[in-house]
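To keep things clear, I will list the structure first and then write my remarks on it.
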Amino acid sequence: MYSPRDARSFGDDAPDLLAVLRCPRCGGALDLAAHAVACAACPALYPRDGVIRFVDRAAYAESFGLQWKAFPQVQLDGEQLADSERRLRRETGLEPADLRGRLVLEAGCGMGRFLDVVSRDGAALAVGVDLSAAVDAAAENLGARPNVLILQGDIFRLPLAPGSFDVVYSIGVLHHTPSAEQAFRTLVPLVKPGGTIAISVYAATVKPGVGWALNMFRRRFLRAFTRRLPKRAILWWARYAVPVFWVIDKVPVVRYVRYFFPVLLYRDYPLSWSVLDTFDTYATELESRHRPKEVFRWFREAGLVDIDLLDSDDGWVSVRGRVTGG
Numbered sequence: 000m001y002s003p004r005d006a007r008s009f010g011d012d013a014p015d016l017l018a019v020l021r022c023p024r025c026g027g028a029l030d031l032a033a034h035a036v037a038c039a040a041c042p043a044l045y046p047r048d049g050v051i052r053f054v055d056r057a058a059y060a061e062s063f064g065l066q067w068k069a070f071p072q073v074q075l076d077g078e079q080l081a082d083s084e085r086r087l088r089r090e091t092g093l094e095p096a097d098l099r100g101r102l103v104l105e106a107g108c109g110m111g112r113f114l115d116v117v118s119r120d121g122a123a124l125a126v127g128v129d130l131s132a133a134v135d136a137a138a139e140n141l142g143a144r145p146n147v148l149i150l151q152g153d154i155f156r157l158p159l160a161p162g163s164f165d166v167v168y169s170i171g172v173l174h175h176t177p178s179a180e181q182a183f184r185t186l187v188p189l190v191k192p193g194g195t196i197a198i199s200v201y202a203a204t205v206k207p208g209v210g211w212a213l214n215m216f217r218r219r220f221l222r223a224f225t226r227r228l229p230k231r232a233i234l235w236w237a238r239y240a241v242p243v244f245w246v247i248d249k250v251p252v253v254r255y256v257r258y259f260f261p262v263l264l265y266r267d268y269p270l271s272w273s274v275l276d277t278f279d280t281y282a283t284e285l286e287s288r289h290r291p292k293e294v295f296r297w298f299r300e301a302g303l304v305d306i307d308l309l310d311s312d313d314g315w316v317s318v319r320g321r322v323t324g325g
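Using numbering that gives the first Met the number 0, you'd call the opening residue of the sequence shown number 0 and step up by one each time.
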């Protein structure tokens, strides 16, 4: 079993940590170098500064990096709110007993809201990978924990050794890639025999009603325009528009005006959550939606067993399965 280590400094047990890493270019093993990790099989050198960086800053990931740098701790659980823990349990089926003492990978960790829960649940090593600059916020939030490692990498070229993890999960990320199915297929080989993989993606379910129709209007028609705007302009607009409609929403009759404008309001959460999700809705460039039978097929064709459709929130398809053996 792996013992916890400091992901920033690399302790004396660094070879254990390096055992789960691989060069994304050639698949070779990695060794420590000054402020970097170096491939033993090719000339590749990857910088490390609290985050090990296996990619250059990608243009597509700009919006995700910007939102988490602007809101580095929004959605982290606190004393008054445990939404991240609730979602992790519901959309992956993972309980503390499934994570304690395990090697766990989150594909698309963002600023670390779910990785925070996994770390607190006692994972031996909780590895978070994200393409965007959100990894900087994740490192700021969680990098000092001895059982957390943050990587910046591409889900289609992950810098990880096959069969390294007891648990692999991804929540709300795969549908923002060019192919959610292919992204899922890159994760399966990383799971140990007998290990668990769980994903949660946007649902394609049609729900008749004004609310559903307006949501589709926002996502499909307005975003065709907004995604061409500078990301910082969208963030500026969300920061000012959401508070205005937050007030309007409390006024009888007038409150219905906001349904015709592109903002999201969550009364049960802090205002910053509404700003964040409004920005996310209009800045995201890629999005796909999926039906349960489609996601089931991915799991079945990947050779997984004990496949379960989880009772996730409306608008999501959450499926969990197990790799044979072990």
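Ideal placement from N, C-alpha and C gives every residue a C-beta, glycine not left out.
Quiz item: Distance, Cα to Cα, residue 197 vs residue 235?
Solution: Residue numbering aside, residue 197 sits at position 198 when the sequence shown is read from its first letter. Residue numbering aside, residue 235 sits at position 236 when the sequence shown is read from its first letter. Linking residue 197 to residue 235 through their CA atoms gives a straight-line distance of about 35 angstroms.
Quiz item: Is the beta carbon of residue 21 less than 7 angstroms from the beta carbon of residue 240?
Solution: Residue numbering aside, residue 21 sits at position 22 when the sequence shown is read from its first letter. Residue numbering aside, residue 240 sits at position 241 when the sequence shown is read from its first letter. Taking C-beta atoms as the reference points, residue 21 and residue 240 fail to come closer than 7 angstroms.
Exercise. Go ahead and pull the three-state DSSP assignment for residue 141.
Key: What you label residue 141 is simply residue 142 of the sequence shown in a count that begins at 1. Reduced to three states, the DSSP call for residue 141 is helix.
Practice problem: Closer than 7 angstroms by C-beta to residue 138: which residues in its own chain qualify, once you throw out the five before and the five after it? Chain order, please. | Solution: In the sequence shown, the residue the question calls residue 138 occupies position 139. In chain order, 49, 50 and 149 place their CB closer than 7 angstroms to the CB of residue 138, counting only its own chain and leaving out the 5 sequence neighbours on each side.
Quiz prompt | Cα-Cα separation between residue 222 and residue 230, rounded to whole angstroms | solution = For the purposes of this step, residue 222 is identified with residue 223 of the sequence shown, where counting begins at 1. For the purposes of this step, residue 230 is identified with residue 231 of the sequence shown, where counting begins at 1. About 12 angstroms.
Quiz item: Between the C-alpha atoms of residue 31 and residue 83, what's the straight-line distance to the nearest angstrom?
Solution: Counting from one through the sequence shown, the residue named residue 31 turns up at place 32. Counting from one through the sequence shown, the residue named residue 83 turns up at place 84. So the two alpha carbons sit approximately 34 angstroms from each other.
Self-check item: Test item: CB-CB of residue 133 and residue 146 under 7 angstroms
Solution: On the sequence shown, position 134 is the one that residue 133 refers to. On the sequence shown, position 147 is the one that residue 146 refers to. Contact: no.
Quiz item: Going by other Cβ atoms of all chains shown within 10 Å of its Cβ, with 16 needed for buried, is residue 60 buried or exposed?
Solution: For the purposes of this step, residue 60 is identified with residue 61 of the sequence shown, where counting begins at 1. Residue confidence is low: residue 60 scores 48 on pLDDT, short of 50, so the model does not pin down where it sits. Its coordinate-derived value is still stated next. Residue 60 should be labelled buried.
Self-check item: From 25, 144, 130 and 289, residue whose alpha carbon lies closest to that of residue 116
Solution: Position 117 of the sequence shown, counting from 1, holds the residue named residue 116. The option with the nearest alpha carbon to residue 116 is 144.
Quiz item: Helix, strand or coil for residue 283 per DSSP?
Solution: Working through the sequence shown from its first residue, we reach residue 283 at position 284. In this structure, residue 283 counts as coil in the three-state DSSP scheme.
Exercise. In angstroms with no decimal places, state the Cα-to-Cα distance between residue 327 and residue 287.
Key: Outside the displayed range of the chain (0 to 325) lies residue 327, so it cannot be described from this structure.
Quiz item: Using a Cβ-Cβ cut-off of 6 angstroms (strictly less than) and excluding sequence neighbours within five positions of residue 23, which residues of its own chain qualify?
Solution: Residue 23 sits at position 24 when you count from the first residue of the sequence shown. Apart from sequence neighbours up to five positions away, the residues of its chain that approach residue 23 with a beta-carbon distance below 6 angstroms are 53, 156 and 158, ordered along the chain.
Quiz prompt | Inter-residue spacing [alpha-carbon to alpha-carbon] between residue 173 and residue 180 | solution = Translated into positions along the sequence shown, residue 173 becomes position 174. Translated into positions along the sequence shown, residue 180 becomes position 181. Between the C-alpha atoms of residue 173 and residue 180 there is a straight-line separation of about 8 angstroms.
Self-check item: Between the CA atoms of residue 164 and residue 18 - distance to the nearest angstrom
Solution: As a first step, residue 18 is located in the sequence shown; it is residue number 19 there, counting from the start. As a first step, residue 164 is located in the sequence shown; it is residue number 165 there, counting from the start. Going from the Cα of residue 18 to the Cα of residue 164 covers about 11 angstroms.
Exercise. Look at the alpha carbon of residue 162 and the alpha carbon of residue 188, and state the distance between them as a whole number of angstroms.
Key: In the sequence shown, counting from the first residue as 1, residue 162 sits at position 163. In the sequence shown, counting from the first residue as 1, residue 188 sits at position 189. Roughly 6 angstroms separates the two Cα atoms.
Quiz item: Measuring CA to CA, which of 168, 193 and 195 is closest to residue 182?
Solution: Residue numbering aside, residue 182 sits at position 183 when the sequence shown is read from its first letter. From the listed residues 168, 193 and 195, the smallest Cα separation to residue 182 is found for 168.
Exercise. Give the straight-line distance between the Cα atoms of residue 44 and residue 93, rounded to the nearest whole angstrom.
Key: Sequence index remark: in the sequence shown, residue 44 carries index 45 (1-based). Sequence index remark: in the sequence shown, residue 93 carries index 94 (1-based). Residue 44 and residue 93 have their C-alpha atoms some 35 angstroms from each other.
Quiz item: DSSP puts residue 168 in a beta bridge; with which residues?
Solution: For the purposes of this step, residue 168 is taken as residue 169 along the sequence shown, with counting starting at 1. 105 and 197.
Practice problem: Let me know if residue 244 comes out buried or exposed under the rule of 16 or more other beta-carbons within 10 Å of its beta-carbon. | Solution: Along the sequence shown, read from residue 1 onward, the residue named residue 244 stands at position 245. Under this definition residue 244 is a buried residue.
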